[in-house]
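Report on the structure given below.
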Amino acid sequence: MIPPNHPRRESLLVRERLVEGFREGYVVPQGLIAHGRGECFDYLLGEATVEEAWEAERAAVAALLTAKRPVISVNGNVAALVPEGVVQLARATGAAVEVNLFYRTREREELIAEVLRRHGAEEVLGVGDDASCTIPELFSERRRVSCRGIYVADVVFVPLEDGDRTEALRKMGKFVIAVDLNPLSRTARAASITIVDNVVRAVPNMVKLAEELKALPREELEAIVKRFNNDENLRRVLRRISQRLVELAERGVAL
Ligand code: ATP
Ligand code: MG
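Heads up, the sequence shown is in this note's numbering, so the first residue is 904 and it goes up one at a time.
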């Protein structure tokens, strides 16, 4: 039991969700470590959605809404953290949902598809024989994708992705949207749109934005995507983090 007034309650509850997914067999131990690395950057951001992240989320939703074949790629951590949000976002943007794992086993694929269905997903791509197309990539079972999904997608939303994979998708000419708390990772640097935010905040924010942006004409949505500059956005995030640290250093942090 986590006491209701615990200062790190939110963060601990999120960890519990991952531990639960680990016990059920669809979150891998590497996923737990990856989350810890992300938490560190979340501390530096102040554990809140910063302005730059809102802008990236807005541009990302506009890209999904104007895509011909948008796909949301789901791994174990995403299934544990935001299953409902993924299903809602897919519905709001017309995106397909595909299971895509670095450590692929039939059992994990099925478990993740089951979690998504439990949260309302109608169709889940990338399970078993459905993942029979391959993307040119050196390592990992992640090269296997659905021929109806990521393989033919123009816009791929990969809430939590690895650097190699992001680069491989970009090389295939895809527009890649990533969520990554670390603005310095290869994923963050290689994506078309990088959302520097915790996935537990980013996906629900995007669901809200999708409801709002749906009403806009296509040209306006396209203009939002075009105006967004990922390099500039990442620079602003880095500036924000460094300024925040300088301010804290001047003010002091001792309890
Ligand atoms: P890359 O492969 O992109 O260079 P990496 O190898 O440093 O990055 P990975 O182990 O591939 O990192 O993935 C872990 C990264 O995923 C973390 O650094 C973190 O930024 C990001 N991450 C983990 N959990 C979350 C989360 N809940 N929300 C947002 N980002 C997260
Ligand atoms: Mg990596």
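Just so you know, even glycine gets a beta-carbon here, dropped at the ideal spot from N, CA and C.
* R1007 and R1068 closer than 8 Å at C-beta -> no
* What span of residues does the alpha helix (DSSP H) with V1082 cover, start to end? -> Per DSSP, V1082 belongs to no alpha helix (DSSP H); it is in the beta strand (DSSP E), F1078 to V1082.
* **Cβ neighbour criterion (16 or more within 10 Å) applied to I1015** => buried
* Taking the CB atoms as reference points, tell me whether F1078 and D1100 lie closer together than 8 Å. => no
* Asked: Given 8 Å as the limit, is there contact between the region 1082-1090 and the region 941-950, that is, 3 or more CB pairs closer than that?
  -> yes
* Asked: Just checking my contact of G979 with V917 at CB under 8 Å: how many whole Å lie between their CB atoms?
  -> So it is not a contact: roughly 14 Å between Cβ atoms.
* Asked: In chain order, which alpha helix (DSSP H) runs of at least 4 residues are fully inside the region 999-1078?
  -> 1009-1021 and 1066-1074
* Determine the DSSP secondary structure at T952, reduced to helix, strand or coil. => coil
* **Cβ-based burial, R1037 [other Cβ within 10 Å; buried from 16]** => Before going further, note that residue 1037 is Thr rather than Arg in the sequence given. Per the 10 Å Cβ criterion, exposed.
* Asked: Do you know how far the Cα of T952 is from the Cα of G924?
  -> 25 Å
* To do: Out of I975, A983, V1002 and E1010, point me to the one whose CA is closest to R994's CA.
  => I975
* **Residue list, Cβ distance to the ligand MG heavy atoms smaller than 6 Å** => D1065 and G1066
* Asked: Any chance the region 956-974 sits against the region 907-915, with 3 or more Cβ pairs inside 8 Å?
  -> no
* Does at least one heavy atom of the ligand ATP sit under 7 Å from the Cβ of H938? -> yes
* Asked: At what residues does the alpha helix (DSSP H) containing V1102 begin and finish?
  -> V1102 to L1116
* **Three-state secondary structure (DSSP) of V1128** => helix
* Which residues bound the alpha helix (DSSP H) around V922? -> R912 to E927
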